[in-house]
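The structure under discussion appears below in the form of structure tokens.
In my numbering, the protein residues as written are 53 to 563.
Right, here's the structure in full:
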């Protein structure tokens with residue numbers, strides 16, 4: 053039987069059972085398409101990384117003797133749309149069966165279901181064999197419960213998959229979570245090793261994108277592209293993280309510095325989200341390295357990393373499939389304002405925002421606290437519509453695919469789901485930023501001042517947000533202390549703060 057198997061750009065799983073179960077009549081199809089480059093405006097490094105990884109994957113399959121059709125962006129047969137490309141191949145190659153792996157984005161899931169219905173041949177969908185949980189496992193776990201607490205799901209996953217568990221069924225170290233040990237401010241020591249880079253020449257791929265007229269943003273050095281786009285490179289980054297960065301990862305995973313792009317973070321998210329690496333092999337690799345080096349690597353370094361993957365990553369995917377498509381319309385606290393233009397340029401006098409955004413424009417990267425407590429925090433305090441925040445986050449980060457981006461943005465960052473994911477809004481004044489970063493020292497604004505032209509804008513925006521949105525937090529116990537402080541504030545002082553906040557909200561580009 054002549055079969056056509058579709059491989060999407062984030063389905064580069066070399067270990068998928070497909071590749072052990074095929075024959076000479078199996079044709080694999082992978083394609084660069086305007087459909088995918090244009091549904092949102094992407095960072096140029098993100099587009100380049102996916103195209104490079106897809107080409108390398110297609111070549112690897114050919115080297116293994118597989119039959120592969122790989123449409124480049126400028127290919128004469130490329131219709132630039134998934135459905136018409138597949139329909140044409142089915143007719144031209146006399147395909148008798150169409151097979152695809154379940155997509156991880158709702159829009160593609162719906163598109164492929166419709167395509168399967170429209171085709172007049174047999175169609176079958178397969179699991180991607182990547183995630184540790186099934187699509188519906190989280191929904192089934194929380195069925196009948198009042199809250200979707202990530203910690204509960206994380207402990208369930210630890211026990212189910214025997215990760216960092218003792219023989220007696222207890223968590224390693226006697227605690228499930230070492231988050232309290234993972235909040236150190238980095239003060240120049242210990243020294244941060246240079247990231248594992250590759251200096252790849254991607255000029256051909258870049259030229260193909262530019263010639264096609266694809267609209268992108270951000271910066272790129274096409275002769276020194278440093279992201280892993282093959283499985284071999286991804287394994288090198290994993291080994292480098294274990295050998296050089298893991299030792300301090302947990303301690304400084306929340307820290308921020310204007311001169312440090314990655315600190316001790318792994319840079320593995322693109323490799324995992326494109327499926328070049330399986331999350332469990334990453335977890336096991338890190339744990340095995342720790343077990344061999346317990347004298348120098350503390351448990352909190354490892355647990356913090358495992359929690360991000362086994363807990364948070366799988367949790368967010370489960371939320372996505374439980375709540376979509378309605379989740380994409382959530383705006384429970386009714387934010388309506390526009391995202392400031394400096395999110396696309398980094399042209400702001402606020403040092404934390406300038407460096408976090410510039411880092412993202414230059415490297416298509418920011419770690420979770422920069423995303424949550426700098427760019428996300430400011431957007432939420434300003435009252436930006438979550439649609440605009442979503443579009444920016446989905447476009448700017450190399451690892452951003454909707455299943456992980458939208459749940460982190462609308463849920464964790466913007467509280468647009470009203471508390472489904474986060475039990476409270478993640479907002480702060482400048483004091484948190486000063487506590488966890490080295491941004492405030494070189495800033496135009498004084499983090500200690502709350503009002504006046506030299507005051508840190510985060511300070512007035514924070515109290516204005518609490519005052520303006522307090523009705524949304526009634527009954528939220530985690531907000532009680534902050535709201536109590538708000539209620540005790542001198543009315544004149546509060547009005548001074550709100551007046552300053554209104555100035556910032558009216559003209560954020562001036563700051």
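By construction, the Cβ of each residue, glycine as well, lies at the ideal position given by its N, Cα and C atoms.
Please read all numbers here as calculations on a predicted model, not as lab measurements.
The Cβ atoms of residue 498 and residue 435 do not sit closer than 8 Å to each other.
In the three-state scheme derived from DSSP, where H, G and I count as helix and E and B as strand, residue 431 is classed as helix.
Rounded to the nearest whole angstrom, the CA to CA distance from residue 269 to residue 412 is 11 Å.
Listed in chain order, the non-local C-beta contacts of residue 103 below 6 Å within the same chain comprise 84 and 257, local neighbours out to five positions each way being set aside. Nearest C-alpha to residue 343 among 382, 369, 295 and 311: 295. If you draw a straight line from the Cα of residue 121 to the Cα of residue 87, it is about 18 Å long. Of the residues 144, 147, 177 and 145, the one whose Cα lies closest to the Cα of residue 160 is 177. With respect to the 8 Å criterion, residue 447 and residue 92 are classified as neighbours on the basis of their beta carbons.
Annotation for residue 202: 363, 364, 367 and 473 place their beta carbon closer than 8 Å to its own, counting only its chain and skipping 5 residues before and after. Taking the Cβ atoms as the reference, residue 507 lies roughly 13 Å from residue 550, outside the contact range of under 8 Å. Residue state for residue 314 is assigned as coil, using DSSP reduced to three classes.
In this structure, residue 279 sits near residue 101, with a CB-CB distance shorter than 8 Å.
Counted as a single uninterrupted DSSP element, the beta strand (DSSP E) harbouring residue 153 occupies residues 149 to 153. With a threshold of 16 other beta carbon atoms within 10 Å, residue 487 falls short and is exposed. Of the residues assessed, residue 219 falls on the exposed side of the cut-off, its CB having fewer than 16 other CB atoms within 10 angstroms. Note on residue 374: 16 or more other CB atoms within 10 angstroms of its CB, so buried under the neighbour-count rule. In this structure, residue 563 sits near residue 402, with a CB-CB distance shorter than 8 Å.
The way I'd put it, the stretch 313 to 333 does touch the stretch 414 to 429; three or more beta-carbon pairs between them come closer than 8 Å. DSSP lists 78 and 149 as the bridge partner or partners of residue 55.
Sequence-distant Cβ neighbours of residue 475 in its own chain, meaning closer than 6 Å and more than five residues away, are 530. Judged by beta-carbon spacing, residue 480 lies beyond the 8 Å limit of residue 307, meaning their Cβ atoms are not closer than that value.
The criterion of a C-beta distance shorter than 8 Å is satisfied by residue 407 and residue 491.
Taking 4 residues as the shortest admissible run, the stretch 116 to 146 contains the following complete alpha helix (DSSP H) segments, listed from N- to C-terminal end: 134 to 144.
A Cβ-Cβ distance of about 19 Å is found for the pair residue 135 and residue 106, leaving them out of contact under the 8 Å criterion. Short of 7 Å from the beta carbon of residue 167, and not among the five residues preceding or following it, lie these beta carbons of its own chain, in chain order: 135 and 138. For the pair residue 205 and residue 175, the CB atoms are not nearer than the 8 Å cut-off.
Between residue 391 and residue 441, the C-beta spacing is below 8 Å. Excluding its 5 nearest sequence neighbours in each direction, residue 211 has C-beta neighbours in its own chain below 7 Å: 217, listed in chain order.
Annotation note: the stretch 172 to 237 contains the following uninterrupted alpha helix (DSSP H) runs of length 4 or greater, listed N- to C-terminal: 189 to 193 and 202 to 212. Three or more Cβ pairs closer than 8 Å define a contact, and the stretch 460 to 467 falls short of that threshold against the stretch 327 to 334. Under the Cβ criterion (8 Å, minimum of three pairs), the stretch 63 to 78 does not count as touching the stretch 190 to 198. In this structure, residue 322 places its C-beta atom within 8 Å of the C-beta atom of residue 450. The shortest CA-to-CA distance from residue 222 to any of 543, 182, 207 and 245 is the one to 207. Between residue 377 and residue 158 the beta-carbon gap is near 6 Å, inside 8 Å, which marks them as a contact. By a beta-carbon distance limit of 8 Å, residue 153 does not contact residue 185. Their separation comes to about 16 Å. Sorting 305, 370, 468 and 424 by C-alpha distance to the C-alpha of residue 187 places 370 at the top.
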